[in-house]
Every structure is written in structure tokens, then in C-alpha cells.
Amino acid sequence: MEPFISLRSNAVPLVQDNIDTDQIIPARFLARPRDDDHGINFFRDLRFDAEGNEVSDFPLNQPAWRQARIILGGRNFACGSSRENAVWALHGWGARAVIAPSFGDIFAINSVKNGVLPVILPAEAVSALTAASIAEPEAEIAIDLPEQTVTGPDGTVYRFEIDPFAKRSLLEGLDELAFTMTHEEDIAAFERRFGRDNF
Amino acid sequence: MQERQENYTCAALAKARFCRNDPFMIQHATPEPLTMFDKIWMRHRVLEREDGQVLLYVDRHFIHDGTAPAFEMLRKRGVAPRAPERIFATPDHYVPTDTREADEIANAEYRGMVESLERNTAEHGIRHFGLTDGGQGIVHVIGPEAGLSQPGMLLVCGDSHTSTHGALGALAFGIGMTEVAHVLATQCLWQRRPRTMRITVEGTLGFGVTAKDVILHIIATIGTAGATGYVIEYAGSAIRGLSMEGRLTLCNMSIEAGARAGMVAPDEKTFAYLADRPYAPKGTEWDAALARWRALPSDPGAQFDLEVMIDAASIAPMVTWGNSPQDAVPADGTIPDPMTTEDPGRRQAMEDCFAYMGLQAGMPVAELRMDRVFIGSCTNGRIEDLRAAAGIAQGGKVAPGVTAWVVPGSAQVKRQAEAEGLDAIFKSAGFEWREAGCSMCLGTNGEIGKPGQRIASTSNRNFRGRQGAGVRTHLMSPEMAAAAALAGHVVDVRHVKGAR
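If you read the sequences in order, they're chains A and B. Quick note on numbering: the numbering used here labels position 169 of the first sequence as 169, and the sequence is numbered without any gaps. Quick note on numbering: the numbering used here labels position 364 of the second sequence as 1364, and the sequence is numbered without any gaps.
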């Protein structure tokens, strides 16, 4: 997994509350192999019309935001289906962090496993960053994971909390499966005690 | 919500840390009252890190035909599943519901998903309930049906509706694909302890009110993120009064309130439901299991981080109008008015939703005219759901211009329904009687509606485009959906013949 340490980029606002993972990637694309480019299907049905033309006023299609690597989300961003394809699509599109007041639980977990940082900030902070991004789409936001800070275009510093294990995983680009396998002895010992009767 | 308690650091858990790696000592060494969640959590704890991450052991891992990427992740590492005997597979997402022949699936990608599950399970010796196997079905229907899902277990599946299995008194939750690969390889999963919420529904449910209405009412009350970060335990006389299948419906939609999992304490109904199912313990093992299961319910005085109280009598048959499961109103209600909402963001979102859904403020829900009806899914595709819908459909006719489907949740449900003559009732009323699968709940198999179509659906999500681009989904109970099929529009099931 590619590590996440810090990031400086402008940010694209997708701040409606309760955006679900069906919006982030519609179900008809879920049978595609993991190694495909899922970025093309990121917000597919909001980004493109039925004929495949870009919907010009959708934020992801704004020239200034096409290269953005940060997404500003609303409350409960990426709720619903557990489809990890939502993170693959977000990552494939080019984003590496989402700043939102809250996240769908499974999406936040999936993000960390793919090197994408979910940042939880109070709604007022996300609103301020959103207003700044709309006023000046090129305005850059800086995220510093070791310091757990987001710095807005006006220099305001917001501190965020993150699970220490998630932080470490992101900073190191941890291969979690390989890490767990270092605990093979513990698992085997547990299995011996847990036994067949717990079947 | 009447009361809020924040007791995130559970003293019992802190004490139990000294008994690390001994799931059996923990319960004896801990005098504090524990929740059912605590008991299951502790029992499955392989180890706990200083930073609070816990490695949990998984009793049962359910996999479906969307699991190919996880097997691919393992293959790249040269790793095989650690405990294939704990993994159970069935194709549901990509299977057609008009045939049982995999090679008749026209779409090569969908066919590939079904075939790769068969191949991967054969390669690793995993029990596969295949398309022509009598045990196939939606993974969350067949787990309980086969007796695979049992009280006290920790169950996971790469699907958010895994919360369903919590109805048996298990801790069950959905995981992502990378986590699926991790569980395949290690039979374990890293988790941080979630918070606990108890939702108590006291009293008697009114005429025509089902488990589906209870959960839609709960989600409308606490919001679609109301339980994010929590595991819900549903309690109270109205919950105890639900059948096992009703409890499965209830727990199924816990994720629609944002919850990690939902659960109901096992009781005599649970045990009666499980007895004699193919994978349930037998003989002396059954007796031993019963003794364990009876100790599972939350102890008197156990502390939850959040308590929610709901009066059963206040719950009506519900219908959703919007694009979030929280957008639900009683069947005799009206579409809300965005202008009464103070939050400008919420108002704008409602107006966008009205445009998509073709709604006007204040219109009676009963004026929603349906093009299609879908009865099925892991929420409402079990035998009791079909009996209830057939009770409404009996002797009636699907309204002109309406296409109505009944998709049993499993091959077993289909056989049972046919043995009871339910298929004949549906067919003579003009419903299509189909094969088991997820079907139109999410349309991964291509079974979707056309843009602009309005669908009465017994499934779990009314998200924009969920049942096809431009499709307008209204969630409701099987009774309500059947009644809508006959009338051609939403009707309050309390005024319909055959309701119960």
C-alpha cells in the first residue's frame, strides 16, 4: 500500500449529506477486476449524462477541480453498501483524502486499507473549507498526518483525531495481512483453545 | 431518544484485559454486568494491542459471487484460506432469477463472477451452495436457514447487510474486500471496540405493522447516521414479540441507521428456530450449545453507551418517499414540505430529491402510482414475507400497467412457498414467480427498472439509481408492496383485505 504522510492540494466540494456508495460507483461496475481503472466510474451517473457526456456543472468536471486530490464531503459521506470499489474509484480518480464531518463506517475502514485518509472535522470547519474552495477553486489545503492537522487556505489550522492504528498503517503504508501473519502463533494458540465445540 | 449515556470506557473490559487470550476465564473473572455484545466480543478476542486495536477470531465467513477480487489478492501472495471449513459460499448478487443455468448468463462479466466463485471454492475445499444446489440463495437468507448462523458467533461477510444474522444473537457485520481477503487468509479481523446502543421498543405493534415498519420507523427517528460507530441491541416486548424472521428483517437494516451491527438476545423462539436445522448442533452438542446460548443475553444492569426508547403503539405501516431510508412516513401520511426545514442544505437536498423522485410537497403518499413491484431481498425474501404478501394478493389482480415480481430469498424458501401453494396465488394474481437471488434490490445481475419508473420495493435501499438509473424506489413491507401491486398505487395496508 502506498503510504500517506502529507498532502497539499486544492479540494473539490461534494458536500451533500448522506452521499452513498451507490452514487460513488453504481452497482453495474462492480464486476470489474480490481486492477481496472475504476476512476472513470467515480460518481459516474452524476458526472456523465445518459449519453456519456460530462455534466458541466458537476464539481468533478470543473477545470480547476479535475486535479484536486482532496474531497470535501458532507455528513455521513459514503454511507450504505460496503463496496470497496467506492474507494478504488475515488483513488483511481486521483483523490487521496476526504475531509468530512462524518463517514460511513465501512467506507472509512476501506479507505485506510487503500492509502486514502478519511479526516473527520467539525461541520463548521468543513463549511469554512468549502466556502474557501468555492471562492477560489485553486486554493490549497494542507494535510499533515503526523501532526494530525489540516491547514486551510487562510492559514487556519484544524486538528483532527484518528485511530492510532489507522494512522500508523497509513504512515507506513502497512501491509496489514503480512503484519497479522506475524501473529500467527497467537492465532494458532487461540484456535487450540477455542476448539471444535465453538463451531 | 430519551436518555443519553456516555460510558465508552467499560470498566469490565479494562479488567478483562488481564485475562487476555483466555476467553473462558474472562466471564468468570468479571463480576460487572456485561452486554451481549461484550460477551461475544471478549470470547473472540485473539489479542489486544496497546492502541486499542483488537484481533478478533471469525466463527463463520460467508462469501458470495462478488468475492473474486479477494481470492485474487490471496493468489498474488500465494496464500490459501486458513480455515476453509469456516467459510460458506453461495452466488446471489450476479445470478439471474429466470434461469438456474450459469452458462445462460448473457453478460460475460456477471457469468464470470458466478463461475469464479464456483472455481475458487472448489480449489480450496469451501462448501459452495451453487445455483443448482438446493441450498442456494441470498447469503443472508441461507445462513440462518441452514443453521449456520448461531447465537454467540462472530460472523462476517463482504456485504453490508451481514447485520441480518445478529437476529440470532450473533455479532455479525459487513466488511470490505481487503478485509475479506484478510479473513480468508487469517480467519481474523482487526477491529476497534464500537460503542453500544440499546433500542427498546415497548408495547404491542398495531394491526398491519411489521418488522419492516419497526426498522423504518427507527431509522426515521434516529437518522441514517444515528447509529454510526455503534452496535445496536434491539430489546423490549415488541422485539421479543417478533418472529425470528421479523427479527432478521429488523437487524438487516441496522446498517441503514449506520450501525456496525444489530442484534437481538436469543430466546426460546431462537432455539426453536435453530433446532434440527442442517448445521445446528445435534444431541449432546445441542445441549451444550443451549447452555452457552442461555448465558448470552445482556446481564441486568449492563451499561449501554446510548439508550433509545420507542413506543410500539406509535409505529404505523411506513413508506419511504426520498433517497435515504430515513425518508419514511406513515402510509396514510403526506410528502413533507422542504420549506418547513430550516437547514438550507437540507432544503436544497430535499428539492433535488423531489425533482429526481417526481414529488410535490404535501401530496398524499397514497397518490404514488407504481410501475413495478419487487417483493424479495435479504430484508424481506423469507417465507413469512411471502406468506404475508400472498395473503394480500390472494384473489386479487395486479393493476393494469404494473409489473410485479416475487423473488424468493433462497431456493429453500421457493420450495416451501410452492409446497404451500403461494406461487399459485401469486401467479394467478398476475405476479411473476422467479428464482432466488438479490435481483432488483441492487440490480447487480442486470435486473433493473427503466428511467422514471416508480417501484414499490421490499428491499433496504432507496438510493438514487439503486434499482437502475433514474428509477424511483419506495421501500415498504411485503404486505404494503403486494397491496400496491393490486391497487397500482400506495395503499395503507390497514384498510386492505387479507392484512393481519
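All residues carry an ideal CB built from backbone N, CA and C; glycine is no exception. A quick note: this is a predicted structure, and the numbers were derived from the prediction, not measured.
If we count the other Cβ atoms within 10 Å of its Cβ and call it buried at 16 or more, is residue i buried or exposed?
i	result
B/H1161	buried
B/G1078	exposed
A/R53	Correcting the residue identity first, residue 53 of chain A is Asn in this sequence and not Arg. Burial call: exposed.
B/A1122	exposed
B/A1014	The predicted model places B/A1014 with a pLDDT of 38, which falls under 50 and marks its position as unreliable, so this point remains unresolved.
B/M1357	buried
B/G1033	Correcting the residue type first, residue 1033 of chain B is Pro in the shown sequence and not Gly. Exposed: under 16 other Cβ atoms inside 10 Å.
A/V157	exposed
B/V1496	buried
A/E2	exposed
B/E1003	Note that B/E1003 scores 36 on pLDDT, short of 50, meaning its location in the model is unreliable; the coordinates nonetheless yield the value given after this. Under this definition B/E1003 is an exposed residue.
B/T1067	buried
B/M1339	exposed
A/R192	exposed
B/G1152	buried
B/K1076	exposed
B/F950	A query on residue 950 of chain B cannot be resolved here, the shown segment of chain B reaching from 1001 to 1500 and no further.
B/T1458	buried
B/R1043	buried
Just tell me which of the options has its CA closest to the CA of residue i.
i	options	result
A/K113	B/G1176, B/D1343, B/E1233, B/A1411	B/G1176
A/V126	A/E184, A/T151, A/R193, A/V116	A/T151
B/R1247	B/A1366, B/T1270, B/A1257	B/T1270
B/A1265	B/I1215, B/F1037, B/M1440	B/F1037
A/D154	A/P146, A/E176, A/A131	A/A131
B/E1218	B/M1244, B/A1185, B/E1256	Position check: residue 1218 of chain B holds Ile in this sequence, whereas Glu was assumed. Closest by alpha carbon: B/E1256.
A/P33	A/N61, A/A89, A/L14	A/A89
A/I143	A/A135, A/I134, A/R159	A/R159
B/Q1191	B/A1456, B/E1048, B/G1430	B/E1048
B/M1263	B/Y1279, B/G1391, B/R1240	B/R1240
B/R1082	A/F194, A/A188, A/G195	A/A188
B/A1313	B/S1377, B/E1104, B/G1236	B/G1236
A/G195	B/Y1057, B/A1302, B/F1304	B/Y1057
B/I1315	B/R1500, B/K1212, B/N1107	B/K1212
B/T1320	B/R1043, B/Q1150, B/I1455, B/A1080	B/I1455
B/L1117	B/P1400, B/V1095, B/N1107	B/V1095
B/G1166	B/G1208, B/Y1234, B/A1106	B/Y1234
B/T1099	B/G1498, B/S1439, B/Y1279	B/S1439
A/A108	A/I162, A/V15, A/W65	A/I162
B/P1194	B/T1221, B/L1168, B/G1258	B/G1258
Going by the beta-carbon positions, is the gap between residue i and residue j smaller than 8 angstroms?
i	j	result
A/G115	A/F4	yes
A/L30	A/N110	no
A/P118	A/V98	yes
B/T1097	B/E1418	no
B/V1141	B/G1409	yes
B/T1200	B/M1318	no
A/A78	A/F48	no
B/V1139	B/T1196	no
B/G1051	B/V1114	Note that residue 1051 of chain B is Asp in the sequence shown, not Gly. Taking 8 angstroms as the Cβ cut-off, B/D1051 and B/V1114 do not qualify as a contacting pair.
B/A1070	B/V1180	yes
B/G1421	B/D1092	no
B/A1361	B/A1261	no
A/L60	A/V12	yes
A/N10	A/E140	yes
A/G94	A/D37	no
B/I1392	B/E1479	yes
B/D1492	B/D1332	yes
B/G1322	B/N1462	yes
B/H1489	B/A1366	yes
B/A1404	B/F1431	yes
A/R264	A/L174	Past the edges of chain A, shown from 1 to 199, lies residue 264 of chain A, and the structure says nothing about it.
Taking 7 angstroms as the line, does the beta carbon of residue i fall inside it for any heavy atom of the ligand SAM?
i	result
B/A1302	As for the ligand SAM, it is missing from this structure, which has no ligand bound.
Three-pair Cβ contact test at 8 angstroms for the stretch 1464-1483 of chain B versus the stretch 1121-1141 of chain B: Taking 8 angstroms as the limit for Cβ pairs, the verdict is that the stretch 1121-1141 of chain B does not touch the stretch 1464-1483 of chain B.
Could you say if the stretch 1437-1452 of chain B and the stretch 1477-1488 of chain B meet the contact criterion of at least three C-beta pairs nearer than 8 angstroms? Too few Cβ pairs lie closer than 8 angstroms, so no.
Identify every run of the alpha helix (DSSP H) within the stretch 1334-1388 of chain B, keeping only runs that are complete inside it and at least 4 residues long; order them along the chain. Listed in chain order, they are 1344-1357, 1377-1380.
Contact between the stretch 1207-1218 of chain B and the stretch 1168-1184 of chain B (3+ Cβ pairs under 8 angstroms): Contact fails between the stretch 1207-1218 of chain B and the stretch 1168-1184 of chain B, because fewer than three Cβ pairs, one in each stretch, are under 8 angstroms apart.
Quick one: complete beta strand (DSSP E) runs, 3+ long, within the stretch 1446-1490 of chain B? Counting only runs of 3 or more, we get 1454-1457, 1472-1475.
Does the contact criterion of 3 or more C-beta pairs under 8 angstroms hold for the stretch 1399-1415 of chain B versus the stretch 1379-1390 of chain B? Touching, per the Cβ criterion.
May I ask you to verify whether the stretch 1143-1158 of chain B touches the stretch 1222-1239 of chain B, counting CB pairs closer than 8 angstroms and requiring at least 3? With a cut-off of 8 angstroms, the stretch 1222-1239 of chain B and the stretch 1143-1158 of chain B do not count as touching, because too few Cβ pairs lie within range.
Counting only runs that start and end within the stretch 124-168 of chain A, where is the alpha helix (DSSP H) found for 4 or more residues in a row? Whole alpha helix (DSSP H) segments, 4+ residues: zero.
Meets three-Cβ-pair contact criterion under 8 angstroms: the stretch 1080-1088 of chain B and the stretch 1053-1065 of chain B: The stretch 1080-1088 of chain B, when compared against the stretch 1053-1065 of chain B, does touch it at the 8 angstroms Cβ threshold.
Give, in chain order, every unbroken run of the alpha helix (DSSP H) that is at least 4 residues long and sits entirely within the stretch 1233-1303 of chain B. If we require 4 residues or more, the alpha helix (DSSP H) runs fully inside the stretch 1233-1303 of chain B come out as 1237-1240, 1244-1252, 1268-1274, 1283-1294.
Counting only runs of 3+ residues fully inside the stretch 1089-1166 of chain B, write out the beta strand (DSSP E) ranges in chain order. Fully enclosed beta strand (DSSP E) runs of 3 or longer: 1154-1157.
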